[in-house]
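Quick notes on the structure that follows.
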Ligand SMILES: CC(C)(COP(=O)(O)OP(=O)(O)OC[C@H]1O[C@@H](n2cnc3c(N)ncnc32)[C@H](O)[C@@H]1OP(=O)(O)O)[C@@H](O)C(=O)NCCC(=O)NCCS
Ligand SMILES: [Fe+2]
Ligand SMILES: [Fe+2]
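Chains as they are written, first to last, in the working numbering: chain L, 253 to 709; chain Z, 326 to 476.
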């Protein structure tokens, strides 16, 4: 890969550094110990990177075969607006995840794992920086009410609770969050970035390969500790028991599924030449990969428990225990991990706000459902505002007090609306209804003077 | 040579974390050792450096071989960037089908594009398979001797 590196204009670069000082205070620690954990490697560079081998022609959609757009103004306004929302959502995820990781980083038991996560965070900072490159190196004013500069400001003012996608609005409680998030949620990132490699807007397409290369490391930063924890759990040298890992999978996997957007959406992005898979196609590929990850963890567990087994025997034993759901060779089915059913704990998409168990059993009674959630989600998460909002909305939905749309929109998002006439401070706003099925919605977030501003949090 | 694997659905691509199990399994078949910790560390290491120099070969969706190299400089008094081939393995059922060669060709192409002018490796003097493989790639015994002692 031949790469061109660049820096943002000074004022944006400085703004990112100020953001880092505030939300990513451990960044200097990473730079200080870089040589220890990443010996003889290029020092970390907070810069944008563009792959110089990006195809010249649009690869998918209505205008496939034509020259890629190199400037926003070459796109139809509708098209450019949609791309801008994708870029903004992407930027929001990058900065959002740093805020989340920073919260529980110090709970890491192992310095090496901690420094790998620190590197992940620094690279997320670079990914956000990359999106700012797209926003500030082009003139979006022809196609958007908001200038690129305003979007930069908006993204930098988001906090856990105000990001575009749900997964980035959940605070971490433990280092298990850092690791499971990297294995599960960064994996969605991999799919999104891979789809966007074809993007008809050339600077976006050219941004993807360097980001993807970094993303591959993020997945390893998640999966390697998981594999090690699982083997330790198997030998009784417990760091994190299987049941705890399972609870964190139950917490994050539903959010991962939702990041693909509504199961019926995504066609427009293909027609416009932005992605090469529908939401459902990408979701299915992601699910299959998560399935392989869980299967691999289970085999690690079984081989650590029963070292006399070879790889094929371990594979067969895992399959048999899961199929018959009975104890075999001393291993209970509950000791193994499984992916939560795709309908479980969904807040967006096809299964939004329905009552299903992790194993795909339906609930009729809300209280039974509530007890089930309490039994299968991480205990600290049950006390979170985010979870409370969900339960409240579910309860009201079940009681017939609100409809689904209201339930979906009810998770408030904290947005600093500097362009909002009613205040310059941070306020809860209710996001404007769902945008086109499955697409990120915060672009439409609007601070309405009506009942939507509930005061600062 | 058995039926060549080229043209059958053979893909050579950078390693990813999901390949760890397949690499462990190939290593286990080749050397009879199950070393998950070792391979996790290696895979994560290459992913943190230059994944395009750490390649796997996938045949019909299964990882059947790998070749990991690292581009470094300033070692052993060598002042030019050097690609060190550190480890290579092809599943025993898939050897002699051109898979190792495909892996190596892609590595060398990447190294040239990076401006690397030397490829080096170390081979145990009894390991005739690897030595034959390296020679077939054009690597010749170099005027260096490995020194070692136990501590
Ligand atoms: C050496 C090895 C990598 C070759 O891979 P491969 O896919 O079978 O090789 P290819 O089919 O691409 O052959 C490439 C060249 O290597 C040569 N070669 C391969 N195996 C050889 C052997 N056993 N002896 C001599 N030369 C050999 C071939 O002659 C061929 O040259 P040619 O194209 O000029 O005829 C593979 O046999 C292997 O993995 N061996 C065990 C390695 C090991 O123990 N690794 C330890 C860590 S896991
Ligand atoms: Fe990222
Ligand atoms: Fe990431």
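Glycine included, each C-beta is placed from N, C-alpha and C at the ideal position.
Here's a check: name, in chain order, each residue in its chain whose Cβ is nearer than 6 Å to the Cβ of residue i, leaving out the five neighbours to either side.
| i | result |
| --- | --- |
| residue 552 (chain L) | 479, 482, 483 |
| residue 253 (chain L) | 303, 461 |
| residue 349 (chain Z) | 361, 364 |
| residue 632 (chain L) | 425 |
| residue 675 (chain L) | Residue placement at residue 675 (chain L) is poorly supported in this model, since its pLDDT is 32, which falls under 50; the coordinates are not used for a value here. |
| residue 331 (chain L) | 524 |
| residue 441 (chain L) | 467 |
| residue 325 (chain L) | 394 |
| residue 415 (chain Z) | 390, 424, 425 |
I want to verify the contact list: residues of chain L whose CB lies under 8 Å from the CB of residue i, in sequence order.
| i | result |
| --- | --- |
| residue 271 (chain Z) | There is no way to answer for residue 271 (chain Z), as the model of chain Z reaches only from 326 to 476. |
| residue 382 (chain Z) | Simply none; closest approach about 17 Å. |
| residue 471 (chain Z) | What residue 471 (chain Z) touches in chain L: nothing, since even the nearest Cβ is about 20 Å away. |
| residue 350 (chain Z) | 563 |
Show which residues of chain Z have a CB atom less than 7 Å away from the CB atom of residue i.
| i | result |
| --- | --- |
| residue 479 (chain L) | 361, 365 |
| residue 253 (chain L) | 377 |
| residue 351 (chain L) | Per Cβ cutoff of 7 Å: no residues; residue 351 (chain L) is ~23 Å from chain Z at best. |
| residue 552 (chain L) | 361 |
Could you pull out every residue in the same chain whose Cβ sits closer than 7 Å to the Cβ of residue i, ignoring the five residues on either side in sequence?
| i | result |
| --- | --- |
| residue 442 (chain Z) | 405 |
| residue 295 (chain L) | 286 |
| residue 297 (chain Z) | Outside the shown range of chain Z, which is 326 to 476, sits residue 297 (chain Z), and nothing can be said about it. |
| residue 688 (chain L) | Its pLDDT being 29, under 50, residue 688 (chain L) is placed unreliably by the model, and nothing is read from it. |
| residue 265 (chain L) | 259 |
| residue 530 (chain L) | 518, 519, 522 |
| residue 685 (chain L) | Because residue 685 (chain L) carries a pLDDT of 35, less than 50, the predicted location of this residue cannot be relied on, and the following value inherits that uncertainty. Once the five neighbours on either side are set aside, the close Cβ partners of residue 685 (chain L) are 657, 661. |
| residue 431 (chain L) | 474, 477, 478 |
| residue 387 (chain L) | 339, 400, 403, 404 |
| residue 339 (chain Z) | 376, 377, 379, 380 |
| residue 614 (chain L) | 607, 608 |
| residue 343 (chain L) | 380, 383, 384, 407 |
For residue i, return the contacting residues in chain Z, with the cut-off set at a CB-CB distance below 8 Å.
| i | result |
| --- | --- |
| residue 541 (chain L) | 343 |
| residue 607 (chain L) | Ordered by position in chain Z, no residue passes the 8 Å Cβ test against residue 607 (chain L), which lies about 33 Å from the chain. |
| residue 545 (chain L) | 343 |
Say the cut is 6 Å; is the CB of residue i nearer than that to a heavy atom of ligand 2?
| i | result |
| --- | --- |
| residue 342 (chain Z) | no |
| residue 660 (chain L) | no |
| residue 415 (chain L) | no |
Closer than 9 Å by beta-carbon distance: list the chain L residues that pair up with residue i, in chain order.
| i | result |
| --- | --- |
| residue 353 (chain Z) | 562, 563 |
| residue 338 (chain Z) | Per Cβ cutoff of 9 Å: no residues; residue 338 (chain Z) is ~11 Å from chain L at best. |
| residue 397 (chain Z) | 292 |
Which bits of chain Z does residue i rub up against, with CB to CB less than 9 Å?
| i | result |
| --- | --- |
| residue 555 (chain L) | 359, 361 |
Tell me whether residue i, by its Cβ, gets closer than 6 Å to a heavy atom of ligand 5.
| i | result |
| --- | --- |
| residue 431 (chain Z) | Here the bound small molecules are ligand 1, ligand 2 and ligand 3; ligand 5 is not part of this structure. |
Taking 6 Å as the line, does the beta carbon of residue i fall inside it for any heavy atom of ligand 3?
| i | result |
| --- | --- |
| residue 441 (chain L) | yes |
| residue 246 (chain L) | Missing from the structure shown is residue 246 (chain L); chain L here goes from 253 to 709 and no further. |
| residue 429 (chain L) | no |
| residue 470 (chain L) | yes |
| residue 438 (chain L) | yes |
Could you list which residues in chain L have their beta carbon closer than 7 Å to that of residue i, in chain order?
| i | result |
| --- | --- |
| residue 372 (chain Z) | 468, 469, 472 |
Given 6 Å as the limit, tell me if residue i has its C-beta closer than that to any heavy atom belonging to ligand 1.
| i | result |
| --- | --- |
| residue 321 (chain L) | no |
| residue 352 (chain Z) | yes |
| residue 455 (chain Z) | yes |
| residue 355 (chain Z) | yes |
| residue 449 (chain Z) | no |
Give the residues of chain A in contact with residue i, contact being defined as C-beta atoms less than 7 Å apart.
| i | result |
| --- | --- |
| residue 368 (chain Z) | Among the chains of the structure shown, chain A does not appear; the protein chains present are L and Z. |
In chain order, what residues of the same chain have a beta carbon less than 8 Å from the beta carbon of residue i, not counting five sequence neighbours either side?
| i | result |
| --- | --- |
| residue 315 (chain L) | 452, 525 |
Practice problem: Give, in chain order, every unbroken run of the beta strand (DSSP E) that is at least 3 residues long and sits entirely within the region 394-475 of chain Z. | Solution: The region 394-475 of chain Z contains these whole beta strand (DSSP E) runs: 407-415, 443-445.
Quiz item: According to a CB-to-CB cut-off of less than 8 Å, which residues of the region 475-500 of chain L neighbour chain Z?
Solution: Of all residues in the region 475-500 of chain L, those with a C-beta nearer than 8 Å to a C-beta of chain Z are 475, 476, 479, 480, 483, reading in chain order.
Quiz item: Just by C-beta distance, which residues in the region 500-534 of chain L are closer than 9 Å to chain Z?
Solution: For the region 500-534 of chain L, which is checked against every Cβ of chain Z, not one residue is closer than 9 Å.
Quiz item: Residue ranges of each alpha helix (DSSP H) run of no fewer than 4 residues wholly in the region 311-363 of chain L, ordered along the chain?
Solution: Taking only runs of at least 4 residues, the alpha helix (DSSP H) segments lying wholly in the region 311-363 of chain L are 329-356.
Exercise. For the region 406-438 of chain Z, enumerate the residues whose C-beta is nearer than 8 Å to any C-beta of chain L, in chain order.
Key: Residues are counted here when their Cβ sits less than 8 Å from a Cβ of chain L; for the region 406-438 of chain Z these are 438, given in chain order.
Self-check item: Residues, ordered as in the chain, of the region 584-599 of chain L that lie near chain Z by beta-carbon distance below 8 Å
Solution: Of all residues in the region 584-599 of chain L, none has a Cβ within less than 8 Å of some Cβ in chain Z.
Quiz item: Can you list the alpha helix (DSSP H) stretches of 4 or more residues lying completely in the region 515-542 of chain L, in chain order?
Solution: Runs of the alpha helix (DSSP H) inside the region 515-542 of chain L: 519-523.
Exercise. With 7 Å as the C-beta to C-beta threshold (strictly closer), list the residues of the region 291-321 of chain L near chain Z in chain order.
Key: Residues passing the 7 Å Cβ filter: 292, 293.
Quiz prompt | Length-filtered (4 minimum) alpha helix (DSSP H) runs lying within the region 576-622 of chain L | solution = If one requires a minimum length of 4 residues, no alpha helix (DSSP H) run lies completely within the region 576-622 of chain L.
Quiz item: At which residue ranges does the region 376-424 of chain L contain complete beta strand (DSSP E) runs of 3 or more residues, listed in the order of the chain?
Solution: Entirely contained in the region 376-424 of chain L, not one beta strand (DSSP E) run reaches 3 residues.
Quiz item: Quick one, which residues of the region 454-465 of chain L are near chain Z if we go by CB-CB under 8 Å, in chain order?
Solution: The region 454-465 of chain L vs chain Z, Cβ under 8 Å: 465.
Self-check item: 4-residue-minimum alpha helix (DSSP H) runs that sit fully inside the region 340-401 of chain Z, ordered along the chain
Solution: Correct list: 345-356, 361-373.
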